[in-house]
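Undergrad: Below is a structure I'd like to ask you about.
There are 2 protein chains.
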Amino acid sequence: MIEYRNLRVALLGAGNVGAEVASLLIAHRDELAERIGAGLELVGIAVRDVDAPRTTELPRELFTTDAESLILGSDIVIELMGGLEPAREYILQALNSGADVITGNKALLATHGPELFEAAEQVGAQLYYEAAVAGAIPIIRPLHDSLAGDQVRRILGIVNGTTNFILDRMHTTGVTLEEALATATELGFAEADPTADVDGFDAAQKAAILASLAFHTVVPLESVHREGITGISLGQVQAATRAGYVIKLLAICERLVDAEGTDGVSARVYPALVPEDHPLAAVHGAKNAVFIEADAAGDVMFYGAGAGGRETASAVLGDLVSAARRHVIGGPGIAESRHANLPVLPMSSITTRYQITLAVVDQPGVLAEIANLFRDHGVSVETLVQSVASDTEHPDPTATLVIGTHEASESSLAATVTALAATSVVESVVSVLRVEGL
Amino acid sequence: MIEYRNLRVALLGAGNVGAEVASLLIAHRDELAERIGAGLELVGIAVRDVDAPRTTELPRELFTTDAESLILGSDIVIELMGGLEPAREYILQALNSGADVITGNKALLATHGPELFEAAEQVGAQLYYEAAVAGAIPIIRPLHDSLAGDQVRRILGIVNGTTNFILDRMHTTGVTLEEALATATELGFAEADPTADVDGFDAAQKAAILASLAFHTVVPLESVHREGITGISLGQVQAATRAGYVIKLLAICERLVDAEGTDGVSARVYPALVPEDHPLAAVHGAKNAVFIEADAAGDVMFYGAGAGGRETASAVLGDLVSAARRHVIGGPGIAESRHANLPVLPMSSITTRYQITLAVVDQPGVLAEIANLFRDHGVSVETLVQSVASDTEHPDPTATLVIGTHEASESSLAATVTALAATSVVESVVSVLRVEGL
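Line by line, the protein sequences give chains A and B. Going by this note's numbering, the first residue of the first sequence is number 76, and it counts up by one from there. Going by this note's numbering, the first residue of the second sequence is number 76, and it counts up by one from there.
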């Protein structure tokens, strides 16, 4: 048995992921030491209550409430406590003491990322965060290293397992959003308060992190346009299926040039229609996937579990091995390059395609009136499907129009929809969804 | 404009990938310098014939036939000439001179990998090879770094675009293998001599590389069991579709314990039945994908272009940025850890499932005889579908039996098939395929 020198590892938080990290660290101690060339000694786990019940059996003497002493005596600090404070403060303490930090805290990174990365750079410490986006899926490192010589054009990410589970279930079993959410809660895929997931807050945090990394630019969370899935009806899901699409909540990060010629980036989250033969359409259940379009590499996709204590712990351990190898040999970590600092463009400057479903009066001249309205707004219609309702109780005959547009600016499209809603021949705008992945 | 110090980069070979690497290096010079913190100066391109026609316009003064002088004056050497010699010799020269080396040469790595990695380790240089497996898809780095704290159990890879194109086309358009191959050749997806692809040699090289990396073990190319796709008939493809499978040529790397309790690894390549709802089944055309099953991370998949000059050049540039960052800051590269050195187990020690199609005499007692034969060999039958042939020209009635087995040892299964072929009630063994991905 070779004797290795030990690196001192502190763990902050013993929740789902933290407890798994601790038990994997203990179980694979020897194998990890061989891979790293140094031992990893888990010196303590900072928690609020030493005696709280845990999901995993861990030696009681590891637990402490004194996070600060633990941090100051460690080479590597793993922050898995979540929340903004005191996580932010602890991470700054760790970095300032020269320790490398590993975190899975997406809310913190999306909110205070620039401050944390700057602190790391100041002292030459490293901040790793593979676990913050898409759980077990290696995505931060491929973006940072593997695609480092390429130009990322666009990222389409299914980065929230709860909403993917709900939408997938609506598609595959024909239940309503409320029913699918109830099942998700029952199976543990949704939290008691599902707001962060279904309203897209979680996905928006991940979009901010991915866009910052992919485009070497600070993308503040507030600049991420966000729409959740609560407005998605079973009718929309069924209509999408008939038209050859699936509805997915996408985190979209895009490099684009706006109408004024400004080269910038856009980060946004909304439910969108994805063609059924797109690789993202085959991402079922609570799985995540990140689809990247790069200049030279073309399309690449990363797929796997987006959450789960054990799965996310794998990402933390990958970071831990990298951090430890760096301690042994020295060298670059995953520090951010934000040199590009492109402007973050507002939602109005992106171009996209819409699929608009209208209930219209079924009388001569309606189609011409609607076609004129699209033309007047500079939006080109690609497909138009009309079906007359079989609803005989209505005094006037009503038809349903499903209109697919060519790519147009978001502002033209929004203005078109507003004008459609105000037209007398349109009884109601039933659904407006963007189409992505074409 | 910041002035950076320059790193001297030598390129060996100006084929498809090499020419793209050179032109991307020149086109993105400034952006790469910002990302790295040092400039990359392409000091020369070693070729056999300076005046040979190239696919890409490159400055003529870069070309040289003097590879050795070029190598000795460089910080980083990119080997994209292919073949075993003189590529091996040049790489050893480069490493011994202290230069880092980037290669996309899978044949060389699968054959002389241990020698090259040892040479790199001796002098503290690094050998990068993301481009050697699955083209543009980041797979080497995720295996080496992101999953470094996890235990890989199994890898199922679609790592050869030509054969995936052929099999996919047989599935989607109902053509024969010969016709699909002709189309692949026409479209440039197959080479004039397609042997390396269709007989599985290319996939076997990649299996050796992936297994070595995933299991920290030397897996010699000769130990990779290899079957190509030339035996796959349209009838097998159609039968697979009816049974809910697609046929894919898989490179399989597996950690397993054999019947004697030996913990070892297996690397093998063969066409297999994959359930149609498995993520690998949705990998169409010439695309590649690598599906990894890990202890903690669960299932992750990496998908993208497996070949193509520009796409593969992206992987080379990713390695180049990593190598250059290491020169600037120092630190660990992608050097191999082979500490585990597990035994490589022969094909007979793996367990798998078979789907066996038999033409049998349609008379009483046949099913019982066949069922007894499976039982006598310790193989458990999971599904059995019988259909009577409508072929009225045969004097004796013939039936087709499709038998799906439970998991059993490869040796039991092989013995079962041999015994079936020798039984008088079996007219012929129509098809034997392994089932993977369950």
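Using N, Cα and C, we set each Cβ at its ideal position, and we do this for glycine too. Quantities reported herein were computed from a predicted structural model and do not represent experimental measurements.
Look at the alpha carbon of ALA267(A) and the alpha carbon of SER487(A), and state the distance between them as a whole number of angstroms.
TA: 39 angstroms
Undergrad: First and last residue of the alpha helix (DSSP H) that includes GLU444(B)?
TA: 441-451
Undergrad: Among ILE214(A), VAL293(A), VAL96(A), whose alpha-carbon lies nearest the alpha-carbon of ALA185(A)?
TA: VAL293(A)
Undergrad: Output needed for GLU136(B): all residues of its chain with C-beta closer than 7 angstroms, excluding positions within five of it in sequence on either side, in chain order.
TA: none
Undergrad: What does a CB cutoff of less than 6 angstroms around THR131(A) pick up in its chain, not counting 5 residues either side in sequence?
TA: Result list for THR131(A): ALA94, SER98, in chain order.
Undergrad: Out of PRO189(B), VAL340(B), THR387(B), TYR345(B), state which residue places its alpha-carbon closest to the alpha-carbon of THR305(B).
TA: TYR345(B)
Undergrad: Can you pull the DSSP bridge partners for ASP338(A)?
TA: VAL332(A)
Undergrad: Cα-Cα, which of LEU417(B), ASN416(B), THR473(B) is closest to PRO439(B)?
TA: THR473(B)
Undergrad: Using C-beta distances below 7 angstroms, list every residue in its chain close to HIS246(A), excluding the 5 sequence neighbours before and after it, in chain order.
TA: Hits under 7 angstroms: VAL312, THR316, VAL321.
Undergrad: So for VAL456(A), helix, strand or coil by DSSP?
TA: In the three-state reduction of the DSSP assignment, VAL456(A) falls in the strand class.
Undergrad: Nearest by alpha-carbon distance to ALA398(A): which of GLY90(A), GLY158(A), GLY173(A) is it?
TA: GLY173(A)
Undergrad: Taking all protein chains shown into account, decide if THR491(B) is buried (16 or more other Cβ within 10 angstroms of its Cβ) or exposed.
TA: buried
Undergrad: Have a look at LEU191(A) and GLY393(B) and give me their C-alpha separation to the nearest angstrom.
TA: 26 angstroms
Undergrad: Strictly below 7 angstroms CB to CB, what residues from chain A border LEU285(B)?
TA: Result: empty, since nearest Cβ-Cβ is about 15 angstroms, beyond 7 angstroms.
Undergrad: Taking all protein chains shown into account, decide if SER149(B) is buried (16 or more other Cβ within 10 angstroms of its Cβ) or exposed.
TA: buried
Undergrad: When DSSP labels each residue in this structure, what does ILE230(B) get in the three-state scheme?
TA: strand
Undergrad: If the cut is a Cβ gap below 9 angstroms, which residues of chain A does VAL460(B) touch?
TA: In chain order: nothing, as chain A lies at least about 26 angstroms away.
Undergrad: Write down every uninterrupted run of the beta strand (DSSP E) in the segment 107-195 of chain B whose length is 3 residues or greater and which is fully enclosed by it, in chain order.
TA: Complete beta strand (DSSP E) runs here, min 3: 114-121, 151-154, 175-178.
Undergrad: Is it true that the CB of VAL198(B) sits closer than 8 angstroms to the CB of ASN180(B)?
TA: no
Undergrad: Output yes or no for whether 8 angstroms exceeds the beta carbon distance between ARG228(B) and GLU368(B).
TA: yes
Undergrad: LEU86(B) bridges to which residues according to DSSP?
TA: ILE120(B), ILE153(B)
Undergrad: With a threshold of 8 angstroms between beta carbons, is ARG317(B) in contact with chain A?
TA: no
Undergrad: Rounded to whole angstroms, what is the Cα-Cα separation between ALA388(A) and ALA206(A)?
TA: 8 angstroms
Undergrad: Report the rounded CA-to-CA distance for LEU86(A) versus SER308(B), giving the unit in angstroms.
TA: 56 angstroms
Undergrad: Would ARG123(A) pass as an interface residue toward chain B - the criterion being a Cβ-Cβ separation below 8 angstroms?
TA: no
Undergrad: Taking just the CA atoms, how far does ASP274(B) sit from SER298(B)?
TA: 16 angstroms
Undergrad: In chain order, what residues of the same chain have a beta carbon less than 6 angstroms from the beta carbon of ALA496(B), not counting five sequence neighbours either side?
TA: VAL504
Undergrad: Closer than 8 angstroms between beta carbons: that is the criterion. Which residues of the segment 374-388 of chain A meet it against chain B?
TA: ASP374, VAL375, MET376, PHE377, TYR378, GLY379, ALA380, GLY383, ARG385, GLU386, ALA388
Undergrad: Which residues share a DSSP beta bridge with ASN363(A)?
TA: GLY379(A)
Undergrad: Taking GLU502(A) as part of the beta strand (DSSP E), name the residues at either end of that continuous run.
TA: 501-510
Undergrad: My output table needs one value for MET76(A): the three-state DSSP class, helix, strand or coil.
TA: For MET76(A), the predicted model reports a pLDDT of 48, less than 50, meaning its position is unreliable; a value from the coordinates is still stated below. If DSSP states are grouped into helix, strand and coil, MET76(A) belongs with coil.
Undergrad: For ALA446(A), count neighbouring C-beta atoms within 10 Å of its own C-beta (all shown protein chains included) and say buried if the count is 16 or more, exposed if not.
TA: exposed
Undergrad: Rounded to the nearest angstrom, what separates HIS187(A) and THR178(A) at their Cα positions?
TA: 13 angstroms
Undergrad: So if DSSP puts PRO350(B) in a beta bridge, which residue, or which two residues, is it bridged to?
TA: TYR320(B)
Undergrad: Let me check one thing: in DSSP terms, what residues is VAL96(A) bridge-paired to?
TA: DSSP output for VAL96(A) lists no bridge partner at all.
Undergrad: Is the Cβ-Cβ distance between GLY319(B) and PRO350(B) less than 8 angstroms?
TA: yes
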